[in-house]
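No gaps in the numbering here: position 151 of the sequence shown is 151 in UniProt numbering, and each next residue is one more.
We treat Cβ as the ideally placed atom computed from N, Cα and C, and that holds for glycine.
Treat the numbers as computed from the prediction; the structure is a model and nothing was measured.
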Amino acid sequence: MEMITKEIANAIVRETSLRLDRNVNIMDTKGTIIATKDEKRLHTVHEGAVEVLKSGRALTIYSHQDEAWGGAQPGINLPIVFQEKIIGVIGITGNPNEMGDIAELVKMATELMINQEFIASQLEWKQRTKEMIIEQLLKSSPSYDVLNRGLSMLKLELTPPFTAIVIQIDELKIPKQDFIQRLEKVFGENYVITGFISLNQIFIAVTGLEESELLTSVQSIARLLKKVQVKFRMAYSLMFHELEQLNQAYSDCKLALKISDPKKEIISFAQFEVRALLYQIDKSVGERFSTRILQRMDKTKAETLEAFFANDLNLQKTADALFLHRNTLIYRINKIANETGYDPRRFNDALILQVALWIYVQE
Numbered sequence: 001m002e003m004i005t006k007e008i009a010n011a012i013v014r015e016t017s018l019r020l021d022r023n024v025n026i027m028d029t030k031g032t033i034i035a036t037k038d039e040k041r042l043h044t045v046h047e048g049a050v051e052v053l054k055s056g057r058a059l060t061i062y063s064h065q066d067e068a069w070g071g072a073q074p075g076i077n078l079p080i081v082f083q084e085k086i087i088g089v090i091g092i093t094g095n096p097n098e099m100g101d102i103a104e105l106v107k108m109a110t111e112l113m114i115n116q117e118f119i120a121s122q123l124e125w126k127q128r129t130k131e132m133i134i135e136q137l138l139k140s141s142p143s144y145d146v147l148n149r150g151l152s153m154l155k156l157e158l159t160p161p162f163t164a165i166v167i168q169i170d171e172l173k174i175p176k177q178d179f180i181q182r183l184e185k186v187f188g189e190n191y192v193i194t195g196f197i198s199l200n201q202i203f204i205a206v207t208g209l210e211e212s213e214l215l216t217s218v219q220s221i222a223r224l225l226k227k228v229q230v231k232f233r234m235a236y237s238l239m240f241h242e243l244e245q246l247n248q249a250y251s252d253c254k255l256a257l258k259i260s261d262p263k264k265e266i267i268s269f270a271q272f273e274v275r276a277l278l279y280q281i282d283k284s285v286g287e288r289f290s291t292r293i294l295q296r297m298d299k300t301k302a303e304t305l306e307a308f309f310a311n312d313l314n315l316q317k318t319a320d321a322l323f324l325h326r327n328t329l330i331y332r333i334n335k336i337a338n339e340t341g342y343d344p345r346r347f348n349d350a351l352i353l354q355v356a357l358w359i360y361v362q363e
């Protein structure tokens, strides 16, 4: 792998030459100039760089020595070292006596830039691999060869129990990669595979965390999202023990986000599992049931029932939530009971009305 790409070399020359007001050359491991302000010298061999590559030491060329080094200009040439290996040479043109410590500082800055570029490329590669793994995990029939190869490259092992988390966000104000890293730190990098699956949706596959640890992490994610000032809604699945169930867990999270209160930030699929069952019955069967039970249901009656069920069939709490007098609420409840034949104050009748109402709202 060539550590100094032409893009990095040109960036180093551009930035360094601008600050020093001197020409800077970058040479590869063969001593060939791959970036310079002096375009006539591009792709030519720098004899001084060849010597630096052989000796591993800096080489100073004075004006009276140019012929000895194949016409190389006066200046200082230093090895560029990355992970204890020489990966190229940087040459700074000018009178060596006037440079002082500049050459060493330029060398350090160059090596730092290369190291940062390497770290960034590694992070990018890792994230692409994670997103490839997520793509496989979300398939109904994943390729386990592809999946295991990706996990092996990342030195990750997926161990049960598993949980799926889906986060919907508004505009993100920090770089995506930074955000992903901060999310992974919440769980610990070895316990999650995280990635964007659309512009505003993040998927997290959690592995090896028990329920109490998971719930703590979910709350920590919520605090992180608020800290970075991102509006969000987050759903997490039931725990499961087979990777093949991850596709269903993802669907469960999406459904929980769809059918829950839009103002609710954290949604557990377990809270909506019964209601979610309605999405598995034939639509026409559900509509027939809902229409028969609710009959002439209107918006006011539907809102009254929703509030009554949300407040555990408590008349006073429901009246307060709807800003109604208690007697007005009782009148509405009686009217619903008379029209439908089901009294929402009775448990069995309330259950039938609740299921019918869920289907009515779903439509």
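Query raised in the report: What is the C-beta distance between I169 and F240, in whole angstroms, given that I count them as a contact (C-beta under 8 Å)?
Result: Going by Cβ atoms, the distance from I169 to F240 rounds to 25 Å, so no, they are not a contact pair.
Query raised in the report: Mind checking whether I193 and K139 have CB atoms under 7 Å apart?
Result: It is not a contact, given that the beta carbons lie outside the stated cut-off.
Query - Residue of S251, E98, T32 minimising C-alpha distance to D21 - result: Just measuring C-alpha positions, the residue of S251, E98, T32 sitting nearest D21 is E98.
Query - C-alpha gap between W358 and M153, whole angstroms - result: Spanning the two alpha carbons is a distance of roughly 46 Å.
Query raised in the report: Quick one: complete beta strand (DSSP E) runs, 3+ long, within the UniProt domain "CdaR GGDEF-like" (149-259)?
Result: Note on the UniProt domain "CdaR GGDEF-like" (149-259): whole beta strand (DSSP E) runs with a minimum of 3 residues are 162-169, 192-198, 201-207, 232-236, in chain order.
Requested in this report: Would you check if there are 3 or more beta carbon pairs closer than 8 Å linking the segment 30-43 to the segment 7-22?
Outcome: Flag = yes, the segment 30-43 and the segment 7-22 touch.
Query - 8 Å contact criterion, which A249 and S237 should meet: CB distance rounded - result: Taking the Cβ atoms as the reference, A249 lies roughly 4 Å from S237, within the contact range of under 8 Å.
Query raised in the report: With C-beta atoms as the reference, is A350 less than 7 Å away from I293?
Result: The answer is no: Cβ separation not under 7 Å.
Query - beta strand (DSSP E) segment containing R78, residue limits - result: The sequence shown places Leu at residue 78, not Arg. Start and end: 75-82.
Query raised in the report: In whole angstroms, what is the alpha-carbon distance linking K155 and M132?
Result: Looking at the two C-alpha atoms, the distance is approximately 15 Å.
**Report entry** Beta carbon proximity, D320 to chain C, threshold 7 Å
**Finding:** Absent from the structure is chain C; it holds one protein chain and no more.
Report task. From the DSSP output, read off the bridge partner residues of K85. Result -> Beta-bridge analysis with DSSP links K85 to F82.
**Report entry** Coil, strand or helix - M27 by DSSP
**Finding:** In the three-state DSSP reduction, M27 falls in the strand class (E or B).
Report task. Just grab the DSSP bridge partners of I266 for me. Result -> For I266, DSSP records a beta bridge to M234.
Query raised in the report: Leaving out five residues before and five after H43 in sequence, what residues of the same chain have Cβ atoms less than 7 Å from its Cβ?
Result: Excluding its 5 nearest sequence neighbours in each direction, H43 has C-beta neighbours in its own chain below 7 Å: T32, I33, listed in chain order.
Report task. Would you be able to state if there are at least three C-beta pairs under 8 Å between the segment 160-168 and the segment 195-215? Result -> As far as the Cβ criterion goes, the segment 195-215 touches the segment 160-168, which means the pair count is three or higher.
Report task. To the nearest angstrom, report how far apart L305 and L322 are at their CA atoms. Result -> Rounded to whole angstroms, L305 and L322 show a C-alpha spacing of 11 Å.
**Report entry** Delimiting residues of the beta strand (DSSP E) encompassing T60
**Finding:** Per DSSP, the unbroken beta strand (DSSP E) holding T60 starts and ends at 59-61.
Report task. Could you tell me if the beta carbon of L147 falls within a distance shorter than 6 Å of some heavy atom in the ligand COA? Result -> The ligand COA is not part of this structure, which contains no ligands at all.
Query raised in the report: Under 7 Å, do I267 and A235 count as touching if we go by C-beta distance?
Result: Yes, the pair counts as a contact, with Cβ atoms nearer than the cut-off.
Query raised in the report: CA-CA distance, I336 and D298?
Result: Taking the straight line from one Cα to the other gives about 10 Å.
Requested in this report: Using the DSSP secondary-structure output, state which residues sit across from G286 in a beta bridge.
Outcome: Note: G286 sits in no beta bridge, so no partner.
Query raised in the report: Distance, Cα to Cα, V186 vs V206?
Result: Those two C-alpha atoms are separated by around 11 Å.
**Report entry** Test item: CB-CB of K107 and L78 under 7 Å
**Finding:** Yes. Within cutoff.
Query raised in the report: What does DSSP give as the partner residues of V45 in its beta bridges?
Result: V45 pairs with T32.
Query raised in the report: According to the Cβ coordinates, are F272 and I259 closer than 7 Å?
Result: The answer is yes: Cβ separation under 7 Å.
Requested in this report: Below 8 Å on the Cβ atoms is my guess for M27 versus A49; work out the distance and round it to an integer in Å.
Outcome: So it is a contact: roughly 4 Å between Cβ atoms.
Query raised in the report: Are there 16 or more other CB atoms within 10 angstroms of the CB of P160, so buried, or fewer, so exposed?
Result: Classification of P160: exposed, given that the 10 Å Cβ count is below 16.
**Report entry** Cutoff 7 Å; reference I174; Cβ partners in own chain excluding five residues on either side
**Finding:** Closer than 7 Å at the Cβ level, and outside the excluded window around I174, lie V228.
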